[in-house]
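Engineer: Sequential numbering from 1 applies to the sequence shown in UniProt numbering.
Note that CB positions come from ideal geometry on N, CA and C, so glycine has one too.
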Amino acid sequence: MADTVSDHENHGTEPVTDHVHRSAWAADLERPEHAADRELLVEEAITAVENTVGGSLVQLVTHEAHGHPSAYLYEPLEETFGDAVHWEYVCQCNCGGHIVRVEV
């Protein structure tokens, strides 16, 4: 795995991560640009997983504007990673967003 983020288009916004994570971390997908653009949220969730070293995990913290992540995030994760990763829904935050834990 490279030491920089993948080449997913970031829509002119600050990327969710700018390096490879070698230990557990949380990807903040609750910024205003994520509320306004579900496609961006999904792209950056995939980037977050791609930039997490095997044997570790990333918690995808999604914006409340899009509802439960099963409606829009699980299918792209399955299509992109198949059985290479395992994800599970953790909870809904007090702020209304949702947390999905992805083990790489």
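1. Per DSSP, what kind of secondary structure is S23 in: helix, strand or coil?
2. By Cβ distance, which residues of its chain are closer than 7 Å to E75, with the 5 residues on each side in sequence left out?
3. Grouping DSSP H, G and I as helix and E and B as strand, with all else coil, what is V61?
4. Looking at the unbroken beta strand (DSSP E) that takes in V42, where does it start and where does it end?
5. Under 8 Å by Cβ, that's how I've got T62 and L29 pegged, so tell me the actual separation to the nearest angstrom.
6. When you compare only the Cα positions, how much space is there between E43 and N94?
7. Given 8 Å as the limit, is there contact between the stretch 71 to 88 and the stretch 13 to 27, that is, 3 or more CB pairs closer than that?
8. Out of curiosity, what's the CA-to-CA distance linking R31 and H68?
Structural biologist: In this structure, then:
1. It is coil, neither helix nor strand.
2. No residues qualify anywhere along the chain.
3. For V61, the three-state secondary structure derived from DSSP is strand.
4. First-last for V42: 38 to 50, but that is the alpha helix (DSSP H), not the beta strand (DSSP E).
5. At roughly 5 Å, the Cβ-Cβ gap stays under 8 Å, so T62 and L29 are in contact.
6. Distance between the alpha carbons of E43 and N94: 24 Å.
7. Counting Cβ pairs under 8 Å, fewer than three are found: no touch.
8. Using only the alpha carbons, I get a separation of about 16 Å.
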